[in-house]
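Enquirer:
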Amino acid sequence: MATNSRLQRLKGPSRNVSRSTSRSAYASAVSSPRPTATTNAQSYSMHTAVKDPTGKTTEYRKEDDVCPVCKSDRFLNPKLRLLVSSCYHRMCESCIDRLFTLGPAPCPICGRVLRKMAFIPQTFEDLAVEKEVAVRRRIVKQFNKRREDFIDLRAYNDYLEMVEDIAFNLINGVDVEATEARIAAYREENAAVIELNVQRDERDSTLLQEDEARERAEREERAEELRRQEEEERLERERDKQSIIDQLERGNADPDRVIAKSRANAAKRTKARRPTDDPSGVASTTSFLSRTRAALPTVKDEPHVPLQDDWYACEDKFTVRSEYLDPLSEPIRLDTEGRMCAGGYRVEEVWERALRCAVMGLEIAPVQDEAES
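Residue numbers (this note's numbering): 1 to 373.
Okay, here's the thing in structure tokens:
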């Protein structure tokens, strides 16, 4: 009995498990839900986006999408895909095949004649933004003049204002026929300048790509050189360490002197290996900009005179702190990915405006009623 008890202690605690227990454990493990990973495109339950490998959104979709023509939704058709027409109305692929396979046909929503090839994927949530981006992409291909094409800044600003007027009319449907005629007349009058600017843009884009490729190759070469130097330094440290050990084992030298000599030699090698500042890297990064500036004509502009008025901002009466107890702005401050903030929005500016409004009336006497006076 003593031998059996000692053998039992060596084997450790018993691991006998009944079949019913193992079966119940397996059933609970299978029935329990497992955590699932969510991607960035599925971070919102109602909004999804198709993205390319670079992270750029190529197609926008929602879980509650409904085709306005056949009223099909994702519950009935999980593979539902809505495309946008040139009149910026959405239709599913089934309706597009049914209506426009035989040729051009009117839009079932607005009546405009459409072609099947005119439907494109939706990129933005708001179709108004989709339309504005498409209009501006079209306008910029024809109105592509630069600052150096004008004799002064006033003429260039007038040109930019004309382009904005044309874009506004096309985006909002104001005098579309007259605006299209204006675009056609401009394209006919400035065909040579437009083609010249297109070639110049292509040349600048090619030069920029070449500069980026050269800078990338230089960075890779510098990184490889640094890796080689680090490997050489590591080998030299190993050799110095082994040399110190060998000298100390022989016992014919002072240990402090041996270590000091080794450190001095290492410092000399490091100083000799340290690269000097090479201005070629800075020159290569600005080569494209320098060539672009060299092509610009020397046109004098009038100096800018800032407007000076008697506005008193009361900046000496308050100090904006880094944070406040502000429940209204708390969701925005906790939004680390910037999904709730518009472009240029800063909570500090809101706090500064509130403080300025609070202190601007401190020195103004209160208004008294006629009965009190």
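Glycine included, each C-beta is placed from N, C-alpha and C at the ideal position.
(1) Relative to the C-alpha of residue 166, which residue among 101, 153, 251, 184 is closest?
(2) Assuming residue 131 contacts residue 171 under a Cβ cut-off of 8 Å, what Cβ separation, rounded to an integer in Å, is found between them?
(3) If you measure between the beta carbons of residue 95 and residue 114, is that distance less than 8 Å?
(4) Considering only the alpha carbon of each residue, which of 147, 116, 360 lies closest to residue 93?
(5) If we count the other Cβ atoms within 10 Å of its Cβ and call it buried at 16 or more, is residue 91 buried or exposed?
(6) Using only alpha-carbon positions, find the residue among 246, 111, 235 that is nearest to residue 89.
(7) Look at residue 374 and residue 320 and say whether their C-beta atoms are less than 8 Å apart.
(8) Suppose you measure from the CA of residue 82 to the CA of residue 105; what does that come to, to the nearest Å?
(9) For the structure I just gave you, are there three or more beta carbon pairs, one from the segment 223–238 and one from the segment 190–209, closer than 8 Å?
(10) Taking all protein chains shown into account, decide if residue 67 is buried (16 or more other Cβ within 10 angstroms of its Cβ) or exposed.
(11) Using CA atoms only, rank isn't needed, just tell me which of 307, 314, 322 is closest to residue 363.
(12) Any beta-carbon of chain C closer than 8 Å to the one on residue 217?
(13) In whole angstroms, what separates the C-alpha of residue 374 from that of residue 212?
(14) In the DSSP assignment, what are the bridge partners of residue 90?
(15) Would you call residue 46 buried or exposed, if buried means 16 or more other Cβ atoms sit within 10 Å of its Cβ?
(16) In chain order, what residues of the same chain lie with their CB nearer than 7 Å to the CB of residue 120, ignoring the 5 residues before and after it?
(17) Report back the beta-carbon spacing between residue 60 and residue 148 to the nearest angstrom; my notes put them in contact at under 8 Å.
(18) Return helix, strand or coil for residue 271, following the three-state DSSP convention.
(19) Pick helix, strand or coil for residue 59, following the three-state DSSP scheme.
(20) If the criterion is Cβ atoms closer than 8 Å, does the pair residue 187 and residue 122 meet it?
(21) Go ahead and label residue 369 buried or exposed: buried means 16 or more other beta carbons lie within 10 angstroms of its beta carbon, across all protein chains shown.
(22) Using only the alpha-carbon positions, how far apart do residue 136 and residue 169 sit?
(23) CA-CA distance, residue 361 and residue 159?
(24) Quick one: measure Cβ to Cβ for residue 351 and residue 324, integer angstroms, because I've assumed they're closer than 8 Å.
(25) Only counting runs of 4 or more residues, tell me where the alpha helix (DSSP H) segments fall wholly within the segment 334–366, in order along the chain.
(26) In angstroms, rounded to a whole number, what distance separates the CA positions of residue 216 and residue 226?
Expert: Put simply:
(1) Along the sequence shown, one-based indexing puts residue 166 at 166. Among 101, 153, 251, 184, the Cα nearest to that of residue 166 is on 184.
(2) Position 131 of the sequence shown holds residue 131. Position 171 of the sequence shown holds residue 171. Correct: roughly 6 Å between the Cβ atoms.
(3) Residue numbering aside, residue 95 sits at position 95 when the sequence shown is read from its first letter. Residue numbering aside, residue 114 sits at position 114 when the sequence shown is read from its first letter. Against a cut-off of 8 Å, the Cβ pair of residue 114 and residue 95 comes out as no contact.
(4) Position 93 of the sequence shown holds residue 93. The shortest Cα separation from residue 93 among 147, 116, 360 belongs to 116.
(5) Mapped onto the sequence shown, residue 91 falls at position 91. That one is buried.
(6) Taking the sequence shown and counting its residues from 1, the one referred to as residue 89 is at position 89. Comparing Cα positions, the closest option is 111.
(7) Lying outside 1 to 373, the shown extent of the chain, residue 374 is not represented and no answer is given.
(8) As a first step, residue 82 must be located in the sequence shown, where it is residue number 82. As a first step, residue 105 must be located in the sequence shown, where it is residue number 105. Going by the C-alpha atoms only, they are around 18 Å apart.
(9) no
(10) Within the sequence shown, the letter at position 67 stands for residue 67. Buried, because 16 or more other Cβ atoms sit within 10 Å of the Cβ of residue 67.
(11) The residue given as residue 363 occupies position 363 in the sequence shown. The closest CA to that of residue 363, considering only 307, 314, 322, is found on 314.
(12) Of the protein chains in this structure there is only one, and it is not chain C.
(13) Lying outside 1 to 373, the shown extent of the chain, residue 374 is not represented and no answer is given.
(14) On the sequence shown, position 90 is the one that residue 90 refers to. Residue 90 pairs with 84.
(15) Reading the sequence shown from its first residue, position 46 is the one you call residue 46. Residue confidence for residue 46 is low, a pLDDT of 44 falling below 50, so the modelled location carries little weight and cannot support an answer.
(16) For the purposes of this step, residue 120 is taken as the residue at position 120 of the sequence shown. Residues 83, 84 of the same chain have their beta carbon placed closer than 7 Å to that of residue 120, with the five preceding and five following residues left out of the count.
(17) Mapped onto the sequence shown, residue 60 falls at position 60. Mapped onto the sequence shown, residue 148 falls at position 148. Incorrect: roughly 38 Å between the Cβ atoms, too far for contact.
(18) In the sequence shown, counting from the first residue as 1, residue 271 sits at position 271. In the structure shown, residue 271 sits in a helix (DSSP, three-state: H, G or I).
(19) Looking up residue 59 in the sequence shown gives position 59. It is a strand residue.
(20) By one-based count along the sequence shown, residue 187 stands at place 187. By one-based count along the sequence shown, residue 122 stands at place 122. Against a cut-off of 8 Å, the Cβ pair of residue 122 and residue 187 comes out as no contact.
(21) If you number the sequence shown from 1, residue 369 lands on position 369. Exposed, by the Cβ-count rule.
(22) As a working mapping, residue 136 is identified with position 136 in the sequence shown. As a working mapping, residue 169 is identified with position 169 in the sequence shown. C-alpha separation (whole angstroms): 11 Å.
(23) Counted from its first residue, the sequence shown places residue 361 at position 361. Counted from its first residue, the sequence shown places residue 159 at position 159. Cα to Cα, residue 361 sits roughly 44 Å from residue 159.
(24) Within the sequence shown, the letter at position 351 stands for residue 351. Within the sequence shown, the letter at position 324 stands for residue 324. Residue 351 to residue 324, Cβ: 6 Å. Contact.
(25) Listed in chain order, the complete alpha helix (DSSP H) runs (minimum 4 residues) inside the segment 334–366 are 347–359.
(26) Taking the sequence shown and counting its residues from 1, the one referred to as residue 216 is at position 216. Taking the sequence shown and counting its residues from 1, the one referred to as residue 226 is at position 226. When rounded, the distance between both Cα atoms is 15 Å.
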